[in-house]
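Reading through the structure tokens given below for one structure.
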Amino acid sequence: MNKFMEFLENMLLPIADKLNNNRYLTALRDGFMVALPLIIFGSIFVVIANFPFLDKLLGEDAYTAYQNALGPASAATLSIMGLFVIIGIGYKLTQSYGGEAIYGGVVAVAAFLILNPQELDGVTGVIPTAILGAQGMFLGIFTAFIAAELYRYFVNKNWTIKMPPGVPEAVSRSFSALIPITLTLSVFLVIRILFSFTTFDTVQNFIYTIIQEPLTALGSSLPATILAVLLCQIFWFFGLHGQIIINSVFDPIWYTLNDENLKAFQAGTELPNVITKQFIDTFLVGMGGTGMTLAVILLIFLIGKSRQVKELGKLGGPAGIFNVNEPIIFGLPIIMNPLAIFPWLLAPVVVTAVTYFAMATGIVPKPAGIIVPWTTPIGISGFLATGNSWRGAVLQIVNLLIVMAIWWPFLKIMDKNYYENEKAKK
Amino acid sequence: MKRILLACSSGMSTSLLVSKMKEVAEVRGIEAEIWAVAQDKAPTEMEHADVLLIGPQMRFMKKKFTAVAEKVGIPIEVIDPVAYGRIDGEAVLNKALQLMDK
């Protein structure tokens, strides 16, 4: 068993290393991190704007006025999150090469805007905000990568405008970003013009049809989600941070699906997706952390006899409420523990399936596209994520009971072993 | 003054450890500045630190951080998983002090 575990760890560690040290995935992840505070700010105001019973309390007119007053908060942040992700990626990627990061950020945004339609329903001089949200997410990510790379390439070429002697150095330096940016953006302009001759009309349309739509369709399926969840659990079983490895691949898809739901939620139409960023963060991670270990903590308080396990419950309990569970993962331990692997892998799969069917059948509302910080405690997070629905909170409690039932026999054996060891030592 | 930096994915779980380490340092009268950051902040924060300890779940980042640590000239180590699980401030503080002495 130990040999086999060692073998697996030796296999996983390089994968984790590769994925994590990949320059583009790192820039992508950190780019999303840049956007996150703005996304959460916008989410808070979507929640406040949609408090339950307010429409009945205020009356229809006052409620509409209330919603309209709060609308700009999310419209300027959450709804156009792609914009901030693009700046973030352009910035972080340029920074990783040691270049002037802010230029990488702005050149990425400009390149993206060049590729996009600059008219809406015949009105010119506008940028449709839809492209800055979910619709443009994938194009935005690719554009940011390519723009930052081109910018760096042209900077390294060191083509500068030669100034006559006597011109202060600061003046010639002020041109240092000019040539790389001019060349980079010219490339994108050419791409735009070329695409206007194709049947796709815009690059946006091309990427959306060829890449984004198929990928998000795949990513929103139950099997793909279970696979992502399982991979995460397996990485964690070896004590490797699963999300930081898996999410950098899945986040673009999950955030895109999330944003589609937000648009529908705000328009009052039916929500298209069950699998979203919040499906994962609220109904899987949001129950005590990865592997829903709040259930383990509760079980410890219910059936724990050994001192070791009881101590761990006290130690990990308070952090577990806020979904920080390293004490449990490393302390129980869950990592490399043959007794833990079965519930550790099974419980998230069952919960994923139960949550999926509860939402697909309409028993529980689908996630409304609101981004709830992952440290939000169980119950509150389920309520908020489903657009202020108590059924979201109840589903979390049901899931918690399921996880407790799956863990019960295994924790009992672990606890018994510890207890007998402790007795033998006395 | 000992400056001890801890890093994990978002600086959450290491901050649990930080508070325990501070308690131990205070009891033992060690003057120490101990703080936790998210992994993406670690390279810049290292400039203000004498040692970097990373959470065991982030051990695949050691290689990346070692390159920076060598430039700044500080030791770097992955925190022992058992000590991490127990939030054993004493053991981790000892380890940090030992690394700085080298």
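Just so you know, the sequences run in chain order D and H.
Residues in the first sequence are numbered consecutively from 1, following the working numbering.
Residues in the second sequence are numbered consecutively from 427, following the working numbering.
Just so it is clear, CB atoms sit at the ideal spot from N, CA and C, and this is done for glycine as well.
Looking at the unbroken beta strand (DSSP E) that takes in residue i, where does it start and where does it end?
| i | result |
| --- | --- |
| Ile413(H) | With chain H running from 427 to 528 in the structure shown, residue 413(H) is simply not present. |
| Ile480(H) | 477-480 |
Quick one: grab the DSSP three-state call for residue i.
| i | result |
| --- | --- |
| Val190(D) | helix |
| Ile505(H) | coil |
| Ala393(D) | helix |
| Thr352(D) | helix |
| Thr199(D) | coil |
| Glu270(D) | coil |
| Leu240(D) | coil |
| Val167(D) | coil |
| Glu452(H) | helix |
| Thr361(D) | coil |
| Thr77(D) | coil |
| Thr440(H) | helix |
| Thr256(D) | helix |
| Val126(D) | coil |
| Leu411(D) | helix |
| Leu332(D) | coil |
Taking C-beta pairs closer than 8 Å, name the residues in chain H that residue i reaches, listed in chain order.
| i | result |
| --- | --- |
| Leu315(D) | Arg512, Ile513 |
| Ala101(D) | None at all; the shortest Cβ gap to chain H is about 12 Å. |
Can you tell me where the alpha helix (DSSP H) with residue i in it begins and where it stops?
| i | result |
| --- | --- |
| Ile460(H) | Counting along the chain, Ile460(H) falls outside any alpha helix (DSSP H), though it belongs to the beta strand (DSSP E) covering 458-464. |
| Phe51(D) | Where Phe51(D) is concerned, there is no enclosing alpha helix (DSSP H), given that its DSSP letter is neither H nor E. |
| Pro377(D) | Here Pro377(D) belongs to no alpha helix (DSSP H), and DSSP marks it neither H nor E. |
| Glu473(H) | First-last for Glu473(H): undefined, no H or E at that position. |
| Ser96(D) | 81-96 |
| Leu113(D) | 101-115 |
| Ile141(D) | 137-157 |
| Ser220(D) | Run containing Ser220(D): none; DSSP gives neither H nor E here. |
| Asp514(H) | Careful: Asp514(H) lies outside any alpha helix (DSSP H) and carries neither H nor E. |
| Thr492(H) | 488-498 |
If you compare alpha carbons, which of the options is closest to residue i?
| i | options | result |
| --- | --- | --- |
| Lys277(D) | Ala385(D), Phe154(D), Ile329(D) | Ala385(D) |
| Ile430(H) | Ala522(H), Lys528(H), Asp527(H) | Ala522(H) |
| Thr375(D) | Met359(D), Ile15(D), Met287(D), Ala358(D) | Met287(D) |
| Ala360(D) | Leu271(D), Leu36(D), Phe410(D) | Leu271(D) |
| Ala509(H) | Ala405(D), Leu315(D), Ala358(D) | Leu315(D) |
| Arg29(D) | Gly511(H), Lys490(H), Lys528(H), Ser435(H) | Ser435(H) |
| Ile325(D) | Leu442(H), Lys428(H), Ala433(H), Met427(H) | Position check: residue 325(D) holds Asn in this sequence, whereas Ile was assumed. Ranking Leu442(H), Lys428(H), Ala433(H), Met427(H) by Cα distance to Asn325(D) puts Leu442(H) first. |
| Trp408(D) | Tyr419(D), Leu302(D), Asn323(D), Gln67(D) | Leu302(D) |
| Ser389(D) | Leu400(D), Leu401(D), Ile397(D), Val364(D) | Val364(D) |
| Gln212(D) | Gly239(D), Glu260(D), Val187(D) | Glu260(D) |
| Asp281(D) | Ile15(D), Asn247(D), Leu19(D) | Asn247(D) |
| Leu38(D) | Gly362(D), Thr26(D), Val372(D) | Val372(D) |
| Met414(D) | Leu178(D), Leu93(D), Ala340(D), Gly317(D) | Ala340(D) |
| Leu115(D) | Phe188(D), Ile226(D), Tyr151(D) | Phe188(D) |
| Leu120(D) | Ala130(D), Phe112(D), Ala111(D) | Ala130(D) |
| Ser306(D) | Gly59(D), Leu13(D), Asn417(D) | Asn417(D) |
| Phe175(D) | Val351(D), Trp159(D), Lys3(D), Leu185(D) | Trp159(D) |
| Ile406(D) | Ile40(D), Leu346(D), Pro327(D), Lys426(D) | Leu346(D) |
| Leu36(D) | Ile89(D), Gly379(D), Ala65(D), Glu9(D) | Ile89(D) |
| His241(D) | Asn520(H), Met447(H), Ala464(H) | Ala464(H) |
| Gly31(D) | Gln118(D), Ala148(D), Ile127(D), Ala75(D) | Ala148(D) |
| Leu19(D) | Asn399(D), Ala424(D), Val249(D), Leu332(D) | Val249(D) |
| Ala108(D) | Gly98(D), Thr94(D), Gln118(D) | Thr94(D) |
Strictly below 7 Å CB to CB, what residues from chain H border residue i?
| i | result |
| --- | --- |
| Asp259(D) | Simply none; closest approach about 22 Å. |
| Asp30(D) | Asp466 |
| Met33(D) | Asp466 |
| Ala319(D) | Leu442 |
Below 7 Å on C-beta distance, what does residue i contact in chain D?
| i | result |
| --- | --- |
| Leu431(H) | Under the 7 Å cutoff, chain D gives no residues; its nearest Cβ is about 17 Å from Leu431(H). |
| Ser530(H) | Residue 530(H) cannot be examined here, being either before or after the span of chain H that is shown, 427 to 528. |
| Phe486(H) | Leu13, Ala16, Asp17, Asn20, Leu240 |
| Lys490(H) | Asn21 |
Using a cut-off of 9 Å between C-beta atoms, extract the partners of residue i located in chain D.
| i | result |
| --- | --- |
| Ser435(H) | His241, Gln243, Ile244 |
Residues of chain H with CB closer than 9 Å to the CB of residue i, please, in chain order.
| i | result |
| --- | --- |
| Pro333(D) | Pro507, Val508, Gly511 |
What does residue i touch in chain D if you count any residue whose Cβ is under 8 Å from its own?
| i | result |
| --- | --- |
| Pro582(H) | Residue 582(H) lies beyond the residue range present for chain H, which begins at 427 and ends at 528; the question has no answer from this structure. |
Subject >> Uninterrupted alpha helix (DSSP H) stretches inside the segment 263-327 of chain D (no shorter than 4 residues) >> reply: 277-280, 294-303, 307-321
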